[in-house]
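Participant: If you scroll down you'll find the structure; I have some questions about it.
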Amino acid sequence: KNTKISWAWWRMPVVPATRELLLGATRSAPGAGQQQATLGALLQAGPPRCSSLQAPIMLLSGHEGEVYCCKFHPNGSTLASAGFDRLILLWNVYGDCDNYATLKGHSGAVMELHDNTDGSMLFSASTDKTVAVWDSETGERVKRLKGHTSFVNSCYPARRGPQLVCTGSDDGTVKLAPSLQMTITSKKQRRRWPYSKNHFCPISPG
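Residue 32 in the working numbering sits at position 32 of the sequence shown, and the numbers go up by one each step.
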């Protein structure tokens, strides 16, 4: 009995979050009334709703190839997805889950996405050997980090302290770079090392 209850939601209908919702698409089709009645019965018989989604399960369509990653924004109201088509799609996660923005700029597949702590910047790692930094408010690419000699598989911004981002690549290296232009001060020598806009600090064993 417990198994049936915990997995019952998988049998609920999936509603596509595209311009035509499943309900709207079936109104003129044969058996549309029966389908709507079944959908309504399932929604009423299912567990209590805890979100503002159009249906318990939403299908987000828009990518033109495999999707490799998806991340919620820290505020929980939007979602970013990316993959083989080199695009980053931004979605609302309420109502019809509209695709409200598309970020373009990579020339290779996007392998990973991450937001910084306050959600003001989105980082994307790509097979074009770069990491892009995007302004989450405007959707503009504000920085492009170069330095790897092969595919960049991962990236992750620091959660506290200096605004840094680390990246991992098929070239066998991990690199560390400032997510924004900055300087680091040595307390011992009281000197400053300026970081250029696209500078990487390589990390190597030993």
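Ideal Cβ positions, reconstructed from N, Cα and C, are used throughout, including at glycine.
Tell me whether the beta-carbon of Phe84 lies closer than 8 Å to the beta-carbon of Gly62.
Facilitator: As a working note, residue 84 is residue 84 in the sequence shown. As a working note, residue 62 is residue 62 in the sequence shown. Contact flag unset, no.
Participant: Do you know offhand how far Leu164's Cα is from Tyr156's?
Facilitator: One-based indexing of the sequence shown puts residue 164 at position 164. One-based indexing of the sequence shown puts residue 156 at position 156. Going from the Cα of Leu164 to the Cα of Tyr156 covers about 9 Å.
Participant: Which whole-angstrom value describes the C-beta separation of Ala109 and Thr127, a residue pair presumed to lie in contact below a C-beta threshold of 8 Å?
Facilitator: If you number the sequence shown from 1, residue 109 lands on position 109. If you number the sequence shown from 1, residue 127 lands on position 127. Between Ala109 and Thr127, the beta carbon gap of about 5 Å places them in contact (Cβ cut-off 8 Å).
Participant: Which one of Cys166, Arg141, Trp134 and Thr173 has the shortest CA to CA distance from Thr149?
Facilitator: Numbered from its first residue, the sequence shown carries residue 149 at position 149. When only C-alpha atoms are compared, the closest one is Thr173.
Participant: Do Asp118 and Lys71 have their C-beta atoms within less than 8 Å of each other?
Facilitator: Along the sequence shown, one-based indexing puts residue 118 at 118. Along the sequence shown, one-based indexing puts residue 71 at 71. Taking 8 Å as the Cβ cut-off, Asp118 and Lys71 do not qualify as a contacting pair.
Participant: From Met111 to Val67, what distance separates their C-alpha atoms?
Facilitator: As a position in the sequence shown, residue 111 is number 111, starting the count at 1. As a position in the sequence shown, residue 67 is number 67, starting the count at 1. Those two C-alpha atoms are separated by around 9 Å.
Participant: Which value, in whole angstroms, describes the spacing of the CA atoms of Ser169 and His106?
Facilitator: Taking the first residue of the sequence shown as position 1, residue 169 is located at position 169. Taking the first residue of the sequence shown as position 1, residue 106 is located at position 106. Roughly 16 Å separates the two Cα atoms.
Participant: As a quick exercise: from Thr130, Leu90, Gly161 and Asn99, pick the residue whose alpha carbon is nearest that of Asn153.
Facilitator: Taking the first residue of the sequence shown as position 1, residue 153 is located at position 153. Residue Thr130 is the option with its Cα nearest to Asn153.
Participant: Where do the N-terminal and C-terminal ends of the beta strand (DSSP E) with Ala101 fall, by residue?
Facilitator: Sequence index remark: in the sequence shown, residue 101 carries index 101 (1-based). That run of the beta strand (DSSP E) goes Asn99 to Leu103.
Participant: What did DSSP end up calling Pro74 once you bin it into helix, strand or coil?
Facilitator: Here residue 74 is taken as the residue at index 74 of the sequence shown, counted from 1. The three-state reading of DSSP puts Pro74 in coil, since its state is none of H, G, I, E or B.
Participant: Of the choices Met121, Leu122 and Leu79, whose alpha-carbon is the least far from that of Leu59?
Facilitator: Sequence index remark: in the sequence shown, residue 59 carries index 59 (1-based). Nearest C-alpha to Leu59: Leu79.
Participant: On the three-state DSSP scale, how would you describe Ala177?
Facilitator: Working through the sequence shown from its first residue, we reach residue 177 at position 177. Ala177: strand per DSSP, three-state reduction.
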